[in-house]
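Here the structure is laid out as structure tokens; the discussion comes afterwards.
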């Protein structure tokens with residue numbers, strides 16, 4: 001691999017992770033409204049927020065750290081009350097009483113108006129703030145913290161449909177192959193990727209918080225182990241840690257997580273599944289860090305095809321696949337074995353719906369992480385789904401393209417049905 005390619009992949013790897021407190025969809029909404037508030041002072045008369053249906057779904061019912069209300073409007077109110085953007089997606093960390101008081105005041109005045117748009121396959125947030133001193137529009141596109149446009153005074157709705165029709169510059173990670181990811185992870189100077197270990201430390205801390213909560217599935221896994229119903233092998237250990245961390249995060253614990261491709265649960269799945277397997281299988285530090293690099297790159301490649309948000313649970317078909325690839329890699333498996341576990345994962349648990357962020361995501365992470373370990377071990381023992389089955393094929397790029405097609409165009413109506421049901425339940 002050339003120095004240029006290695007340098008670009010290292011940059012993409014660093015770009016794919018970051019700290020966030022709470023679910024990243026409410027954080028993205030709060031970040032957008034905080035950006036708007038930062039630009040325009042004075043008394044707020046009206047705040048109009050428009051979001052895509054995928055993001056709406058993920059912000060609807062999930063708990064917000066330190067706040068007793070949920071939903072898009074609650075996240076907007078917090079962002080307006082905070083009014084500072086320096087913390088990025090970590091802005092919901094350590095919300096104080098003054099912020100809570102201001103946020104509740106904004107909500108009580110009924111100045112926040114919400115619109116949800118369908119048939120938008122990218123992450124989209126438009127915040128329009130009107131005060132007695134001016135007006136501003138803030139637009140977030142494609143990534144949770146990607147403020148793509150800020151317009152003041154003369155403000156119209158952003159033409160997102162026109163934006164969707166424009167020819168997009170492809171995500172640079174799609175220019176690489178599975179061979180490239182393996183080459184990079186095998187040969188990059190270890191010191192350059194040691195930053196990945198922070199993800200293990202941060203996500204392990206929130207997992208501990210979850211294990212101490214008697215209502216979390218992680219706590220219940222410990223109970224099952226103690227009762228002799230199951231043993232704590234690498235798969236169950238991964239399930240326990242990932243589910244505990246997810247439950248803590250989704251229930252509003254005020255601790256950060258290391259995200260992956262903008263998602264905290266993806267980060268939990270990737271970091272803790274690989275770390276759990278490494279611990280139980282006595283894998284050394286260097287192999288584990290290199291496995292994390294491979295897992296992150298595979299996950300980022302898949303997300304470039306499936307989108308930041310979709311109707312399919314990305315913890316299974318993106319982060320789970322990345323984690324499984326990392327496990328095969330750190331156990332000495334070659335490219336064929338790594339591709340084998342990708343086939344196993346897509347051939348079995350693809351199609352699990354994403355019906356919004358909530359405490360129940362912990363159960364999906366338990367499924368994704370446990371199967372990621374088992375799928376890896378099966379591939380290493382020559383148990384692999386046939387590449388002629390269903391949407392599978394024998395080549396990495398085409399396989400992930402197939403998955404992306406199902407996640408995007410293939411499941412638009414599925415997402416619409418999910419949102420419709422969730423909205424009815426809120427009435």
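In full-length UniProt numbering, the protein residues as written are 1 to 427.
We put the CB at the ideal spot given by N, CA and C, even for glycine.
Hey, how far is the Cα of residue i from the Cα of residue j?
i: residue 140; j: residue 366; result: 31 Å
i: residue 399; j: residue 382; result: 20 Å
i: residue 230; j: residue 220; result: 11 Å
i: residue 296; j: residue 349; result: 19 Å
i: residue 81; j: residue 25; result: 17 Å
i: residue 300; j: residue 402; result: 16 Å
i: residue 258; j: residue 267; result: 6 Å
i: residue 408; j: residue 302; result: 12 Å
i: residue 55; j: residue 30; result: 13 Å
i: residue 32; j: residue 144; result: 9 Å
i: residue 356; j: residue 320; result: 18 Å
i: residue 180; j: residue 323; result: 17 Å
i: residue 226; j: residue 28; result: 40 Å
i: residue 237; j: residue 41; result: 50 Å
i: residue 16; j: residue 292; result: 12 Å
i: residue 379; j: residue 177; result: 20 Å
i: residue 287; j: residue 200; result: 14 Å
i: residue 65; j: residue 247; result: 12 Å
i: residue 70; j: residue 373; result: 34 Å
i: residue 122; j: residue 263; result: 15 Å
i: residue 11; j: residue 224; result: 42 Å
i: residue 325; j: residue 298; result: 8 Å
i: residue 165; j: residue 117; result: 16 Å
i: residue 406; j: residue 83; result: 39 Å
i: residue 389; j: residue 3; result: 38 Å
i: residue 156; j: residue 97; result: 35 Å
i: residue 9; j: residue 294; result: 11 Å
i: residue 110; j: residue 364; result: 35 Å
i: residue 386; j: residue 336; result: 13 Å
i: residue 204; j: residue 423; result: 34 Å
What are the partner residues of residue i, as DSSP defines its beta bridges?
i: residue 137; result: 128 and 151
i: residue 181; result: Paired residues: none, contrary to the question.
i: residue 18; result: 259
i: residue 73; result: The partner list for residue 73 (beta bridge, DSSP) is empty, contrary to what the question assumes.
i: residue 114; result: 49
i: residue 67; result: 64
i: residue 312; result: 353
i: residue 44; result: 131
Between the Cα of residue i and the Cα atoms of the options, which residue gives the shortest distance?
i: residue 47; options: 301, 126 and 347; result: 126
i: residue 87; options: 107, 63 and 21; result: 21
i: residue 14; options: 261, 337 and 330; result: 261
i: residue 131; options: 423, 144, 37 and 211; result: 37
i: residue 128; options: 163, 76 and 104; result: 76
i: residue 202; options: 409, 222, 18 and 395; result: 18
i: residue 134; options: 181, 44 and 374; result: 44
i: residue 105; options: 85, 73 and 121; result: 73
i: residue 282; options: 327, 256, 69 and 99; result: 327
i: residue 5; options: 183, 137, 112 and 108; result: 183
i: residue 353; options: 360, 335, 313 and 377; result: 313
i: residue 119; options: 417, 412 and 393; result: 412
i: residue 305; options: 289, 67, 397 and 161; result: 397
i: residue 7; options: 351, 185 and 100; result: 185
i: residue 377; options: 189, 107, 89 and 334; result: 334
i: residue 309; options: 2, 23, 363 and 83; result: 23
i: residue 451; options: 385, 161 and 136; result: The requested residue 451 does not occur in the structure, where the chain is confined to residues 1 to 427.
i: residue 1; options: 92, 189, 97 and 99; result: 189
i: residue 216; options: 285, 253, 161 and 404; result: 253
Would you check whether the ligand MG has a heavy atom nearer than 7 Å to the C-beta of residue i?
i: residue 264; result: In the structure on display, the ligand MG does not appear, and there are no ligands present to speak of.
Rounded C-beta distance between residue i and residue j? I'm assuming under 8 Å.
i: residue 317; j: residue 57; result: Wrong, their Cβ atoms sit about 17 Å apart, outside the cutoff.
i: residue 52; j: residue 124; result: 4 Å
i: residue 35; j: residue 138; result: 5 Å
i: residue 115; j: residue 50; result: 4 Å
i: residue 150; j: residue 39; result: 6 Å
i: residue 207; j: residue 234; result: That belief does not hold up - the Cβ atoms of residue 207 and residue 234 are roughly 15 Å apart, past 8 Å.
i: residue 242; j: residue 369; result: 4 Å
i: residue 250; j: residue 290; result: Between residue 290 and residue 250 the Cβ distance is about 30 Å, and since that is not below 8 Å, they are no contact.
i: residue 95; j: residue 67; result: 6 Å
Is there a Cβ of chain D sitting closer than 8 Å to that of residue i, yes or no?
i: residue 301; result: The structure shown contains no chain D; it is built from a single protein chain.
Practice item. Give a yes or no on contact between the region 170 to 184 and the region 271 to 282, applying the rule of three or more CB pairs nearer than 8 Å. Key: Touching, no.
Check your understanding: Does the region 210 to 218 come close enough to the region 329 to 346 that 3 or more CB-CB pairs lie under 8 Å?
Key -> The answer is no - the region 210 to 218 does not touch the region 329 to 346, with fewer than three Cβ pairs under 8 Å.
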